[in-house]
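In what follows, a structure is listed as structure tokens, so that the remarks can point back to it.
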Amino acid sequence: MSEIVRGLRESRRYRSLTEPALVRVARWAARTHGGRQPALKAAKRKLHQVYGAYLSPGAVAAAERAAMLIEGGARGDAEERELCLDVLRQHASTAERLPFLDRFCSDLTAGLPPVRSVLDLACGLNPFALPWMALPAGASYLAVDVDERLAKVFDHLGGAWPVGLRGLAHDLTSGPPEATAEMVLLLKAIPCLEQEEPGAGRRLLRSLDAPVVVVSFPARSLGGREKGMRETYDRMLREMVAGSGRGIEVRSYPTETVYWLVRNGGG
0 MSEIVRGLRE SRRYRSLTEP ALVRVARWAA RTHGGRQPAL KAAKRKLHQV YGAYLSPGAV
60 AAAERAAMLI EGGARGDAEE RELCLDVLRQ HASTAERLPF LDRFCSDLTA GLPPVRSVLD
120 LACGLNPFAL PWMALPAGAS YLAVDVDERL AKVFDHLGGA WPVGLRGLAH DLTSGPPEAT
180 AEMVLLLKAI PCLEQEEPGA GRRLLRSLDA PVVVVSFPAR SLGGREKGMR ETYDRMLREM
240 VAGSGRGIEV RSYPTETVYW LVRNGGG
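If you count the sequence shown from 1, position 130 lands on 129 in numbering that gives the first Met the number 0, and the numbers rise without skipping.
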């Protein structure tokens, strides 16, 4: 198994993923595929399905460059937003959200008391949408991703915006990080978690105790086919939260369905 992990570390595409994630995938590949090369190939294929397929090859480097420019300051809001949009285009999930980004970000906190702490799980490049989010100055935003390079990008951005942004590298199949927040974002992540490890998405969702948890599901595949995905994921989500004591508010957008799960008495 260590040879498979070493092979993944030698891959430019996956070398910056957290050690627990690489070990977990390597262990699965070693168990299900005989020989180092077939197992390594299977491990890379698995990581592509749940991670690499969504991110353009130069996405993290683009995020690093943009963060450096934003951190340097002396840029107007319009130029800063253009830098952020260029980064958001590098990830499939955030790219397809761009046509309705203003409405989406406005809706996140609409009708809620001021949200002063956010935990963004499996965040990808979503923190680059912070300039569009209606969060009060001084709010905290912890961006959690399996990619260590991305986590460092968000740490570097921490002092550039009124919202206190921090990054954390963490493998969510082991559960959420030890952090509290008034709102948790889990956007389009559950299907990938379930593909990585059946039951992982459900366990994660049931373990979250924030007053408001915002969950979304894709409405179509990466290839653009709908295939009844809204209905399928709606049934999945409602089964996952049954008996949790949370109210559900649903809004549909062109490429995803979003659920606000509000704890009774919270939000």
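Cβ coordinates follow ideal geometry from the N, Cα and C atoms, glycine included.
(message) Taking a contact to mean a Cβ-Cβ separation below 7 Å, would you say L203 touches L167 in this structure?
(response) As a first step, residue 203 is located in the sequence shown; it is residue number 204 there, counting from the start. As a first step, residue 167 is located in the sequence shown; it is residue number 168 there, counting from the start. Contact: no.
(message) Using 7 Å as the threshold, is the C-beta distance between R229 and A218 below it?
(response) Within the sequence shown, residue 229 is the residue found at index 230, counting from 1. Within the sequence shown, residue 218 is the residue found at index 219, counting from 1. Yes, Cβ-Cβ distance for R229 and A218 is below 7 Å.
(message) For T256, list the residues DSSP reports as bridge partners.
(response) If you number the sequence shown from 1, residue 256 lands on position 257. DSSP, once it has assigned bridges, lists F216 and S251 as partnering T256.
(message) Could you check whether the stretch 96–107 touches the stretch 49–62, counting it as contact only if at least three pairs of C-beta atoms, one from each stretch, sit closer than 8 Å?
(response) no
(message) Does the structure place the stretch 106–118 close enough to the stretch 179–192 that three or more beta carbon pairs sit under 8 Å?
(response) yes
(request) Using the Cα positions of A65 and G242, report the straight-line distance between them to the nearest angstrom. (result) Taking the sequence shown and counting its residues from 1, the one referred to as residue 65 is at position 66. Taking the sequence shown and counting its residues from 1, the one referred to as residue 242 is at position 243. Straight-line Cα distance between these residues: approximately 43 Å.
(request) Please list, in chain order, all residues of the same chain as S206 whose beta carbon is under 8 Å from its beta carbon, the five residues on each side excluded. (result) Sequence index remark: in the sequence shown, residue 206 carries index 207 (1-based). Excluding positions up to five away in sequence, the list reads G174 and P175.
(message) Only counting the same chain, and skipping five residues up and downstream in sequence, which positions put a Cβ closer than 6 Å to that of E255?
(response) The residue given as residue 255 occupies position 256 in the sequence shown. Result list for E255: S215, P217 and A218, in chain order.
(message) Tell me the residue span of the alpha helix (DSSP H) that contains G163.
(response) Numbered from its first residue, the sequence shown carries residue 163 at position 164. No alpha helix (DSSP H) contains G163, which is instead part of the beta strand (DSSP E) from G163 to A168.
(message) Here's the rule: buried if 16 or more other CB atoms are within 10 angstroms of the residue's CB, otherwise exposed. What is P135?
(response) Here residue 135 refers to the residue found at position 136 when the sequence shown is read from its first residue. Exposed, since its Cβ has fewer than 16 Cβ neighbours within 10 Å.
(request) Please go through the stretch 1–87 and give each complete alpha helix (DSSP H) segment of 4 or more residues, from N-terminal end onward. (result) 1–8, 18–31, 35–49, 58–71 and 76–87
(request) Helix, strand or coil for D146, going by three-state DSSP, please let me know. (result) One-based indexing of the sequence shown puts residue 146 at position 147. Note: D146 maps to strand in three-state DSSP.
(message) Measuring alpha carbon to alpha carbon, tell me which residue in G198, A188, R35 and E81 is nearest A91.
(response) Sequence index remark: in the sequence shown, residue 91 carries index 92 (1-based). Answer by Cα proximity: A188.
(message) Helix, strand or coil, according to DSSP, for L124 in the structure here?
(response) Position 125 of the sequence shown holds residue 124. Three-state result, L124: coil.
(request) Out of K151, S55, E2 and P253, state which residue places its alpha-carbon closest to the alpha-carbon of R224. (result) For this step, residue 224 is matched to residue 225 along the sequence shown. Selected option, being the one with the closest Cα: P253.
(message) Applying the 10 Å Cβ sphere with the 16-neighbour rule, what's the burial state of V114?
(response) Along the sequence shown, one-based indexing puts residue 114 at 115. It is buried - the Cβ of V114 has at least 16 other Cβ atoms within 10 Å.
(request) Using the Cα positions of E147 and L87, report the straight-line distance between them to the nearest angstrom. (result) Numbered from 1 along the sequence shown, position 148 holds the residue referred to as residue 147. Numbered from 1 along the sequence shown, position 88 holds the residue referred to as residue 87. C-alpha separation (whole angstroms): 18 Å.
(message) Let me check understanding here. Comparing Cα to Cα, which of V59, M132 and I3 lies closest to G34?
(response) Here residue 34 refers to the residue found at position 35 of the sequence shown. Closest by alpha carbon: I3.
(message) Between which residues of its own chain and H155 is the CB-CB distance below 7 Å, once the five residues before and five after are set aside?
(response) Here residue 155 refers to the residue found at position 156 of the sequence shown. Closer than 7 Å at Cβ, skipping near neighbours: A66 and E70.
(message) Suppose the cutoff is 6 Å on Cβ atoms and the five residues either side in sequence are ignored; what does the same chain contact list for G266 look like?
(response) The sequence position of residue 266 within the sequence shown is 267, counting from 1. Low confidence applies to G266: its pLDDT is 49, below 50, so where it sits in the model is not reliable enough to give any reading.
(message) Buried or exposed for A128, going by 16 or more other Cβ atoms inside 10 Å?
(response) Here residue 128 corresponds to residue number 129 of the sequence shown, with the count starting at 1. Buried: at least 16 other Cβ atoms inside 10 Å.
(message) If you reduce the DSSP assignment to three classes, tell me which class M182 lands in.
(response) Within the sequence shown, residue 182 is the residue found at index 183, counting from 1. If DSSP states are grouped into helix, strand and coil, M182 belongs with the strands.
(message) For H169 and E63, what's the separation of their Cα atoms in angstroms?
(response) Numbered from 1 along the sequence shown, position 170 holds the residue referred to as residue 169. Numbered from 1 along the sequence shown, position 64 holds the residue referred to as residue 63. The alpha-carbon atoms of H169 and E63 are separated by roughly 19 Å.
(request) Can you say whether L221 is buried or exposed, counting buried as having 16 or more other CB atoms within 10 angstroms of its CB? (result) Here residue 221 refers to the residue found at position 222 when the sequence shown is read from its first residue. Counting Cβ neighbours within 10 Å, L221 comes out exposed, since fewer than 16 surround it.
(request) State the DSSP-derived secondary structure class of R262, mapped to helix, strand or coil. (result) To locate residue 262, count along the sequence shown from 1; it is residue 263. R262: strand per DSSP, three-state reduction.
(message) Considering only DSSP beta bridges, list what D119 is partnered with.
(response) Position 120 of the sequence shown, counting from 1, holds the residue named residue 119. Per DSSP, A142 and L184.
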